[in-house]
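Residue numbers (the numbering used here): 1 to 368.
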């Protein structure tokens with residue numbers, strides 16, 4: 001049995017023997033099974049929408065026990081795990097409160113959702129100091145939400161992170177909460193230049209589709225904020241969605257036309273300057289990721305987000321923040337690793353549909 005370095009979950013239902021002995025009775029994977037997984041990755045996730053296939057490996061209703069065991073998949077295969085290569089990016093979720101309530105927000109942010117409460121400047125400083133004490137090779141600090149600029153300590157947290165020499169990435173909708181911090185942002189730009197990047201969520205280059213997701217009267221304020229950042233020389237990026245079925249080349253070309261027309265300085269050919277996220281829908285089935293999948297898909301564990309990042313969150317009612325293994329799973333206690341960074345440096349079982357659909361098959365990354 002593979003050892004559990006991080007997640008405090010129940011032991012698999014096995015009386016004795018190693019993991020190899022438990023799996024010995026399971027039918028071996030055939031070349032056709034390998035083809036099924038490749039098809040799911042290449043076709044089933046086309047345009048960000050997982051589709052059902054005729055393969056019993058990847059399709060049909062979710063089987064009993066799927067994503068239930070941290071060590072074994074429902075078909076008795078060893079579950080893939082990801083070791084932390086190095087903590088390249090430490091994320092802080094500044095709180096789930098947001099000025100918008102988007103239709104497909106993975107974290108369900110809204111003006112009323114305070115399941116994750118505001119982090120304070122002192123709490124963030126504690127983790128920045130722990131990076132130094134542990135000698136971690138971290139080079140980027142990320143801030144996400146909710147809308148980070150609703151947290152009253154955000155500007156100070158940005159300044160503290162930049163002053164320690166880190167690159168800083170802020171995910172924002174560039175609307176009124178950000179613009180209220182314009183004087184502080186201009187000062188940070190003057191002091192730290194391009195080490196501060198603001199990535200603006202603009203779901204589609206068509207205003208109607210952006211507002212389908214974000215609500216009416218959201219297009220103009222977002223575009224105005226993004227243009228203000230560009231006009232004032234900030235390092236900027238944009239994040240779009242693949243949920244409407246556009247081919248990637250067409251989507252990038254549409255954003256290029258928009259940004260050129262508005263005078264916005266973003267290289268739409270760059271996958272880090274224009275990030276196009278796959279979709280996450282827990283109602284749609286996805287395959288579990290086994291140890292065999294790395295070779296089948298031509299990937300390695302180090303390609304997945306949890307090989308290089310962690311996120312600090314503070315749940316409502318909690319005395320202290322905790323470190324989560326993934327930016328996408330702040331509410332699942334199985335992915336909470338402890339209060340200290342030192343508690344979070346072990347490996348992570350890919351035991352959630354988002355691990356499969358977004359990270360492995362979708363190739364999604366929250367950072368660059």
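For each residue, glycine too, the CB sits at the ideal point set by N, CA and C. The structure displayed is predicted, hence computed values, not measured ones.
- The secondary-structure analysis by DSSP pairs residue 140 across a beta bridge with 89, 167.
- By alpha-carbon distance to residue 150, the top candidate from 109, 162, 269 is 109.
- The residue from 118, 238, 296, 292 with its alpha-carbon nearest to that of residue 169 is 238.
- The C-beta of residue 314 has 16 or more other C-beta atoms within 10 Å across all chains shown, which makes the residue buried.
- Taking the Cα positions, residue 204 is about 33 Å away from residue 120.
- Within the stretch 239–278, the runs of beta strand (DSSP E) at least 3 residues long that lie entirely inside it are, in chain order, 274–277.
- For residue 72, the pairing in a beta bridge is given by DSSP as 78.
- Residue 323 is positioned such that its CB atom lies closer than 7 Å to that of residue 344.
- Taking a 10 Å sphere around the C-beta of residue 267, we find fewer than 16 other C-beta atoms and assign the residue as exposed.
- The DSSP-derived three-state label of residue 318 is coil.
- The secondary-structure analysis by DSSP pairs residue 174 with nothing; it has no beta-bridge partner.
- Remark: fewer than three beta-carbon pairs, one from each stretch, lie closer than 8 Å, so the stretch 135–143 and the stretch 95–113 are not flagged as touching.
- By the neighbour-count criterion, in which a residue is buried when 16 or more other Cβ atoms sit within 10 angstroms of its Cβ, residue 342 is exposed.
- For residue 197, DSSP records a beta bridge to 169, 235.
- Contact check for residue 218 against residue 211 passes: the beta carbons are separated by less than 7 Å.
- Secondary structure of residue 96 (DSSP, three-state): coil.
- The straight-line gap separating the alpha-carbon atoms of residue 76 and residue 290 is approximately 10 Å.
- Going by beta carbons, residue 255 and residue 189 fall outside the 7 Å limit.
- Annotated three-state conformation of residue 346 is coil, per DSSP.
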